[in-house]
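In our numbering, the protein residues as written are 29 to 217. From the three backbone atoms N, C-alpha and C, an ideal C-beta is built for every residue, glycine too. Inspection log for the structure reproduced underneath, given as structure tokens.
Okay, structure coming up:
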């Protein structure tokens, strides 16, 4: 399959409304894919004043403010909804890329499985460690279990470093974990 044959539906919990390393990597990926002839549609929460302009065709997901104190700048995509499902059907992706195991990521995974579309998940954040920072470390085993169940339903998983792959392997997150090395932007550092 040529790059120009790819029709990628990318799901992100934060594509451009708050600036961070993960969404910069996703925007660079989309820029590269579009430049090589792939069709890409991004599904992510939208806000009135994002931190930077999105690369590609961004479709807004239903969302609410992150339900964690001090994280009001982040949004939680809640589901796909009829409008997004219609858009997905019209776009007809031949691959779904999930970049966050949030509720919309789970819904997109179910949609892809129901429509026999391969799913690639990318890991950008150690979500299982978050409870430690809110005095709820006892939840970590449950979150690992939930992440493992989510990632095992995907066709493949990619991570940004060998150390992250080693961590994911130790937690038995998937049998097929590839390296997605993004390098360092030397114009910034």
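Could you work out which residue in 175, 196, 85 is closest to residue 131 when comparing CA atoms only? Residue 131 sits at position 103 when you count from the first residue of the chain shown. Ranking the options by Cα distance to residue 131, first place goes to 175.
Quick check: what's the CA-CA separation for residue 52 versus residue 60? Along the chain shown, one-based indexing puts residue 52 at 24. Along the chain shown, one-based indexing puts residue 60 at 32. Distance between the alpha carbons of residue 52 and residue 60: 12 Å.
Other residues of its chain near residue 155: CB distance less than 8 Å, five sequence neighbours each side excluded: The residue labelled residue 155 in the question sits at position 127 within the chain shown. For residue 155, where only same-chain residues beyond five positions count, the Cβ hits under 8 Å are 129, 171, 175.
Could you tell me which of 75, 93, 187, 80 sits nearest to residue 87, measuring between CA atoms? By 1-based counting over the chain shown, the position of residue 87 is 59. Answer by Cα proximity: 75.
Excluding the 5 residues flanking residue 200 on each side, which residues of the same chain have their C-beta closer than 7 Å to its C-beta? As a first step, residue 200 is located in the chain shown; it is residue number 172 there, counting from the start. Cβ neighbours of residue 200 beyond the five flanking positions: 176.
Euclidean distance between Cα positions of residue 111 and residue 180: Translated into the one-based positions of the chain shown, residue 111 becomes position 83. Translated into the one-based positions of the chain shown, residue 180 becomes position 152. Cα to Cα, the separation comes out at about 28 Å.
Go to residue 141, then tell me how far its alpha helix (DSSP H) extends in each direction, as first and last residue. Here residue 141 refers to the residue found at position 113 when the chain shown is read from its first residue. First-last of the alpha helix (DSSP H) with residue 141: 131–142.
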